[in-house]
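K.L.:
Please find one structure pasted underneath; my questions will follow.
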Amino acid sequence: MDIQQTLSIIKPDAMKSKLSGKIINFIEEKGFSIIAQKKIILVQKQAEAFYSVHNERPFFQELVSFMISGPILVQIIEAKEGVSLYRKIMGSTNPKEAEEGTIRKLYGTDIQCNAVHGSDSLENANIESSFFFNKLEIIS
Ligand code: CMP
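If you count the sequence shown from 1, you need to add 375 to reach my numbering.
Right, dumping it as structure tokens:
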């Protein structure tokens, strides 16, 4: 099994509710190591660029407004089969449909305020990680 790195974002809703500590603890207990981390506030152009794949979707502007509404915690996390493992422990996009015991079920509110983001493929994990971090900021 391959060790993989993936990009995690603790979103503004979870940050405002002071849930970042609980989510970090959850991620580490599932076997991930955090190899890069920073707290930032995105500006509109950055959020639009990060979510550009969704720019034709009806929820795009709302998503961008939400993602710039406060601080976020961006992380590169690493584990065996890390990309699919993180998707599994995050749960479904909509917290109301998420499996019991997943991050979104425990800490999400609705399909937009869903606590966390995680890359959906190894290719996107690499692209998304380089969007936020340079090599000097990654300690593996
Ligand atoms: P995320 O995993 O960050 O990827 C894209 C985000 O768009 C997703 O989580 C949700 O927060 C948001 N999203 C997806 N579908 C909808 C929707 N129907 N309405 C509002 N936001 C959505």
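Beta carbons: idealized from backbone N, C-alpha and C, even for Gly. Because the structure is a prediction, the values reported are computed rather than measured.
For the segment 443 to 501, list the alpha helix (DSSP H) runs that are entirely contained and at least 4 residues long, ordered along the chain.
P.N.:
457 to 465, 478 to 482
K.L.:
Distance, Cα to Cα, residue 463 vs residue 432?
P.N.:
For the purposes of this step, residue 463 is taken as residue 88 along the sequence shown, with counting starting at 1. For the purposes of this step, residue 432 is taken as residue 57 along the sequence shown, with counting starting at 1. If you take the alpha carbons of residue 463 and residue 432, they lie about 24 Å apart.
K.L.:
So residue 450 and residue 412 are in contact, right, with Cβ under 8 Å, and what is the actual spacing, rounded?
P.N.:
On the sequence shown, residue 450 is found 75 positions in, with the first residue counted as 1. On the sequence shown, residue 412 is found 37 positions in, with the first residue counted as 1. That belief holds up - the Cβ atoms of residue 450 and residue 412 are roughly 5 Å apart, short of 8 Å.
K.L.:
Enumerate in chain order the residues of its own chain whose CB-to-CB distance from residue 416 is below 6 Å, with the five nearest sequence positions on each side excluded.
P.N.:
Translated into positions along the sequence shown, residue 416 becomes position 41. Closer than 6 Å at the Cβ level, and outside the excluded window around residue 416, lie 446.
K.L.:
Only counting runs of 3 or more residues, tell me where the beta strand (DSSP E) segments fall wholly within the segment 391 to 453, in order along the chain.
P.N.:
Complete beta strand (DSSP E) runs here, min 3: 408 to 415.
K.L.:
Measuring alpha carbon to alpha carbon, tell me which residue in 401, 386, 483, 437 is nearest residue 414.
P.N.:
Indexing the sequence shown from 1 puts residue 414 at position 39. Measuring from the Cα of residue 414, the nearest candidate turns out to be 386.
K.L.:
Determine the burial state of residue 377: buried for a count of at least 16 other Cβ atoms within 10 Å of its Cβ, exposed for fewer.
P.N.:
What you label residue 377 is simply residue 2 of the sequence shown in a count that begins at 1. By the 10 Å Cβ count, residue 377 comes out exposed.
K.L.:
Beta carbon of residue 493, beta carbon of residue 384: below 9 Å?
P.N.:
Here the question's residue 493 lines up with position 118 in the sequence shown. Here the question's residue 384 lines up with position 9 in the sequence shown. Cβ distance < 9 Å, so residue 493 and residue 384 count as in contact.
K.L.:
Figure out for me which residue from 459, 470, 476 has the closest Cα to the Cα of residue 401.
P.N.:
Position 26 of the sequence shown, counting from 1, holds the residue named residue 401. Of the listed residues, the one whose Cα sits closest to residue 401 is 476.
K.L.:
Cβ of residue 489 less than 9 Å from any chain B Cβ?
P.N.:
Considering every chain present, this structure includes no chain B. It has just one protein chain.
K.L.:
From what residue to what residue does the beta strand (DSSP E) around residue 378 run?
P.N.:
Here residue 378 corresponds to residue number 3 of the sequence shown, with the count starting at 1. Element bounds for residue 378: 378 to 385.
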